[in-house]
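> Protein chains in written order, with the numbering used here: chain A, 763 to 937; chain B, 109 to 594.
#1: Compare the C-alpha of residue 345(B) against each of 367(B), 310(B) and 218(B) and name the closest.
#2: Tell me, please, whether the CB atom of residue 549(B) is closer than 8 angstroms to any CB atom in chain A?
#3: Is it the case that the region 771-783 of chain A contacts the region 798-807 of chain A, given that we only count it when at least three CB pairs across the two stretches are under 8 angstroms?
#4: Please list the partners that residue 875(A) has in chain B, where partner means a Cβ-to-Cβ separation under 8 angstroms.
#5: Considering only the beta carbon of each residue, do residue 472(B) and residue 432(B) sit closer than 8 angstroms?
#6: Quick one: what's residue 254(B) bridged to in DSSP?
#7: Taking the Cβ atom as the reference point for each residue, do residue 502(B) and residue 575(B) lie within a distance shorter than 8 angstroms?
#8: State the DSSP-derived secondary structure class of residue 493(B), mapped to helix, strand or coil.
#9: Among the candidates 157(B), 464(B), 335(B) and 318(B), whose CA atom is the shortest distance from the CA of residue 514(B)?
#10: Cβ of residue 782(A) less than 8 angstroms from any chain B Cβ?
#11: Since residue 767(A) meets chain B, which of its residues come closer than 7 angstroms, beta carbon to beta carbon?
#12: Using the rule of at least 16 other Cβ atoms within 10 Å of the residue's Cβ for burial, across every protein chain shown, is residue 587(B) buried or exposed?
#13: Which residues does DSSP list as the beta-bridge partners of residue 207(B)?
#14: Apply the 10 Å Cβ neighbour rule to residue 483(B) and answer buried if 16 or more other Cβ atoms are within range, or exposed otherwise.
#15: Residues in its own chain within less than 7 angstroms of residue 543(B) by CB, not counting five upstream and five downstream?
#16: With a threshold of 6 angstroms on Cβ separation, who are the neighbours of residue 278(B) within its own chain once the five nearest residues in sequence on each side are excluded?
#17: Rounded C-beta distance between residue 153(B) and residue 197(B)? I'm assuming under 8 angstroms.
#18: Short check: CB of residue 788(A) to CB of residue 883(A), under 8 angstroms?
#19: Under 8 angstroms, Cβ to Cβ, is there at least one residue of chain B near residue 850(A)?
#20: Whole angstroms is fine: what's the gap from residue 453(B)'s alpha carbon to residue 523(B)'s?
#21: In chain A, what lies closer than 8 angstroms to residue 390(B) by C-beta?
#22: Can you confirm whether the region 400-407 of chain B touches the region 383-392 of chain B when touching is taken to mean that 3 or more C-beta pairs between the two stretches lie within less than 8 angstroms?
#23: Could you work out which residues of chain B lie near residue 879(A), taking near to mean beta carbons separated by less than 7 angstroms?
#24: In this structure, how does DSSP classify residue 244(B) when only helix, strand and coil are distinguished?
#25: With a threshold of 8 angstroms between beta carbons, is residue 571(B) in contact with chain A?
#26: Confirm, please, whether the CB-CB distance from residue 202(B) to residue 230(B) is below 8 angstroms.
#27: Counting only Cβ pairs nearer than 7 angstroms, list the residues of chain B close to residue 810(A).
#28: From residue 340(B) to residue 563(B), what does the alpha carbon distance come to, in whole angstroms?
#29: Please state whether the Cβ-Cβ distance between residue 823(A) and residue 889(A) is less than 8 angstroms.
#30: Anything in chain A within Cβ reach of residue 346(B), meaning under 8 angstroms, just list it in chain order.
#31: The beta strand (DSSP E) with residue 562(B) in it runs from where to where?
#32: Suppose you measure from the CA of residue 245(B) to the CA of residue 236(B); what does that come to, to the nearest Å?
#33: Cβ closer than 8 angstroms: which chain B residues qualify as neighbours of residue 779(A)?
#34: Just checking my contact of residue 374(B) with residue 410(B) at CB under 8 angstroms: how many whole Å lie between their CB atoms?
#35: Pick helix, strand or coil for residue 194(B), following the three-state DSSP scheme.
#36: Identify the continuous alpha helix (DSSP H) that holds residue 878(A) and give its terminal residues.
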């Protein structure tokens, strides 16, 4: 089984604090880490050395996450790099369309800011198929489920939402 | 020949030659509607008449007309002029004026016959009728007023809304005033003979407010002096109400966008706090002093961000309605230029003003406009610095065209690509890393929207940007009235 030590993660985010926070968290988990401040820098980094996974912010100056992604998939080798989206714009006008484009055609998983370090690491380990503790697995599964639910809720019409609510109420007699 | 004979011959001659040849339709009718005599013209026009009733000939109907005026002549002996629609021998209807007079065989005052002389007036009558319909039925108010400002004619729509108004002073009727209205367009038309337009608030007969847009034009064409003015007004009450609602909706939308933006901004700060907390925890666990320091710096920075955000936000949320005062927009621009000229010059950027001469004053919130311009100018200076080109300049220009007052800030700095342009107003978007809160443009837009205006961005990457604040003067006026009421 592969170990985090064998994997290089590229973190792309325009906020200094976010970058160093995620970097520390991944280093702590044993990963090798490289960073980029926007889509341009990220593309340079990929050219230099193909990472095993890219942690991508959506809204960035100069070159946004989705623009970077569009460039990335023009290359066959690059297109295979798994991506995890870390965004604060999952549900506003600014990021919604971009996120949809990305999750529909590509990476498929996103984490909404603010991010807990354990959850972030767990999700990455899950994507890369790395050995993880039971706790990490639980967290990764939870995130997956959350993503699926969010997508469903975002895509649902009001009638569907009512049905979901009714279903939840019947399964959960406490409420 | 005897005198009597001569007289009879003359009468016969009169009848044959004169009566028969008259170029009008002439008929003599008795009390029982029988036509007893008629001339050639009559026969030609209506066809055979002998032994027929007048209504059968005139109208081609089998019963007397319901309001026969000629019948009354038999009673009172008075001559009448009657408007009548008649049908000719081919079944074609036409409009006639009929002169109807009594014929008395004796001098006892007893009317034996009546003589009717009719002539066709179809064209004129039709025009008259069409004009009347047009005048009454056009879906707007039409009045004609004389030099004393008294209403001499008013159409149906006007009478419906304002009541019976003939002879009254127009200002009394329109606005229930005792004297002429200020900004009276009719007065201008009386003076210069030209068309004028303005908007007013009137009071209807039920006491309701009626917003109307009025156009006045001289009724006397080609004469030296205008004696009558025709006022054509449209009821724009509903339109005004809609305009106000749109204005209100736009202001509410601005609030909604702001709340969404706030949520995002807080998310970012939380992310920083989360990171700081994590690093300190990790540092303590590993006894790594530098990690603790980095974490604590991160916390500091994000607490500071919270403070700035709250401060900005308070100023952002201040005052729903702008505090409008009549000011000269050019003066506001010059204040900003004077304030930032030196700072810009230190960075090698020239800050200039390009002002419309003789700018009319406008109701604006000077503090709000000051904030907007400060934001836009500071952005423009940043854009120039990022562009790193020589001969950078920022120009604040004022314009006033087609009822829209514009203040625009143009730079020849770095410019924006489509992605950024799309996003600058949508949330707390900043390209300045940790420096900006991303509130500047949002605040600017909110303030502009509160003035009933909008902000437009034109930008090309590498060539510079232009931020245009547009204020429709009409809306400013509306807001001004509204805020004065409160």
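Cβ coordinates follow ideal geometry from the N, Cα and C atoms, glycine included.
All values derive from a computational prediction rather than experimental measurement.
On the basis of the supplied data:
#1: Among 367(B), 310(B) and 218(B), the Cα nearest to that of residue 345(B) belongs to 310(B).
#2: no
#3: As far as the Cβ criterion goes, the region 798-807 of chain A touches the region 771-783 of chain A, which means the pair count is three or higher.
#4: 375, 376, 378 and 379
#5: yes
#6: 336(B)
#7: no
#8: helix
#9: For the residues 157(B), 464(B), 335(B) and 318(B), the minimum Cα distance to residue 514(B) belongs to 464(B).
#10: Residue 782(A) counts as touching chain B.
#11: Per Cβ cutoff of 7 angstroms: no residues; residue 767(A) is ~18 angstroms from chain B at best.
#12: buried
#13: 189(B) and 225(B)
#14: So residue 483(B) ends up on the buried side.
#15: Per-residue confidence for residue 543(B) stands at a pLDDT of 48, beneath the threshold of 50, marking its modelled position as unreliable; no derived number is given.
#16: 253, 257 and 259
#17: 7 angstroms
#18: yes
#19: yes
#20: Rounded to whole angstroms, residue 453(B) to residue 523(B) spans 20 angstroms at the Cα level.
#21: 786 and 790
#22: Enough Cβ pairs lie closer than 8 angstroms, so yes.
#23: 386
#24: Annotated three-state conformation of residue 244(B) is helix, per DSSP.
#25: Residue 571(B) does not count as touching chain A.
#26: yes
#27: What residue 810(A) touches in chain B: nothing, since even the nearest Cβ is about 24 angstroms away.
#28: 36 angstroms
#29: No, these two residues do not count as a Cβ contact at 8 angstroms.
#30: Per Cβ cutoff of 8 angstroms: no residues; residue 346(B) is ~32 angstroms from chain A at best.
#31: 562-568
#32: 14 angstroms
#33: In chain order: 379, 380, 383, 384, 406, 409, 410 and 542.
#34: With a Cβ gap of about 11 angstroms, residue 374(B) and residue 410(B) do not count as contacting.
#35: strand
#36: Run containing residue 878(A): none; DSSP gives neither H nor E here.
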